[in-house]
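Participant:
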Amino acid sequence: MTIEIPQAFWLYFTFFALLFLDGIWCMLATRNMVRVLIGIEILMKSVTFFLIVAGFLAGRMALAQALVITVIVIEVVVVVVIAGVILGFFRKRDSLDVSNTREMKG
Amino acid sequence: MIWFTVLLVLLVLAALWASMASALLRATLALALTSALLAVVLFAFGATLAAVLELSVCAGLITVVLVSVTSLTQPRSLKEQAADRKRRLRRFWPLPFVLIAAGVGLSFVKVPVDIVMRLPAGDGDVRTVLWSLRQLDLFGQILILLAGVFGVLVLFRKEAK
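Sequence order for the protein chains is A and B.
For the record, in the first sequence the residue sitting at position 43 is 40 according to this note's numbering, with numbers rising by one throughout.
Offset between the second sequence (1-based) and this note's numbering: plus 8.
(1) Report the CB separation of A/Leu48 from A/Gly20 in whole angstroms; it is logged as a contact under 8 Å.
(2) Does the separation of the CB atoms of B/Val137 and A/Leu34 fall below 8 Å?
(3) Can you tell me whether B/Ile70 is buried or exposed, with buried defined as 16 or more other CB within 10 angstroms of its CB?
(4) Are the stretch 52 to 61 of chain B and the stretch 79 to 88 of chain B touching, with three or more C-beta to C-beta distances below 8 Å?
(5) Using DSSP with H/G/I as helix, E/B as strand and the rest coil, what is A/Asp91?
(6) When you check each C-beta in the stretch 36 to 50 of chain B against every C-beta of chain A, which residues fall closer than 8 Å?
(7) Using a cut-off of 7 Å between C-beta atoms, extract the partners of A/Phe47 located in chain B.
(8) According to DSSP, which residues form a beta bridge with A/Asn29?
(9) Answer yes or no: does any C-beta atom of chain B fall closer than 8 Å to that of A/Ile98?
(10) Determine the closest residue to B/Val20 out of A/Gln62, A/Phe46 and A/Phe86, with distance taken between C-alpha atoms.
(11) I want to see whether chain B comes within less than 8 Å of A/Ile105, judged by CB atoms only; does it?
(12) Could you tell me the distance, in whole angstroms, from the CA atom of B/Leu141 to the CA atom of A/Val65?
(13) Using a Cβ-Cβ distance cut-off of 8 Å, determine whether A/Arg32 contacts chain B.
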């Protein structure tokens, strides 16, 4: 099957790009670990949005939804594990600053 | 189409609020709002199952996890908060302007729209796709969940004396 991408694609792509840029900026411009996690979450939202847009435009919504469900499951596990890492780090160092992670032994 | 564009603008504004809010709790709530708005967008696209999962898991469960992390870490002094607010303002003030410039720039991009995607034909119900065609994905999801549980157990285990 061959489909043409309609004009609406660029509207959706613009909003995807804005969300993606916002997430990247949030991750890079902060030193707080929880904010880095929030940046990762925003990035995941942009990817979820774009997967659904791609499925919608290609007429493969069922496949796109299946992939989004997988993304959401991975998202939850990533958030929970990183939250555990943040709490463990805070108990050891009494800080949420990512620059302090350089002192970790590995 | 206009209401849908407004919805997408609100989605980006909520994400912007999540990244720029000075208090972590507000940022977490803004992230929950972003998830809720994304769920509405998914519903508008007809992805009802994904919308329900996004609303219940991302706007619900992840918000609870982030609020728990915020409450389990000790609050900073007022002096530290004021200093951090100034630092954050310095780092984040260009972000809204960058987003507006990027949005305006991308909306004027004249990329040819005759790009074609070649896809295999056919698309069924999401349950059929998930349970019949993407079984390996389900296996992977179960493994990831188990890995997550294992990771949390390792992180929260008590150290041996």
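Yeah, the Cβ is synthetic: ideal placement off N, Cα and C, and Gly gets one too.
Facilitator: With the given structure in hand:
(1) The Cβ separation is near 15 Å, so there is no contact.
(2) no
(3) buried
(4) Not touching, per the Cβ criterion.
(5) Annotated three-state conformation of A/Asp91 is coil, per DSSP.
(6) Thr36, Leu39, Thr42, Ser43, Leu46, Val49 and Leu50
(7) Correct list: empty, because the minimum Cβ distance to chain B is about 11 Å.
(8) A/Asp94
(9) Checking the sequence, you will find Thr at residue 98 of chain A rather than Ile. Chain B, which has no Cβ nearer than 8 Å to the Cβ of A/Thr98, makes this no.
(10) Distance check between B/Val20 and each of A/Gln62, A/Phe46 and A/Phe86 places A/Phe46 closest, using alpha-carbon atoms only.
(11) Residue 105 of chain A falls outside the range modelled here, since chain A spans only -2 to 103, and no answer is possible.
(12) 15 Å
(13) A/Arg32 counts as touching chain B.
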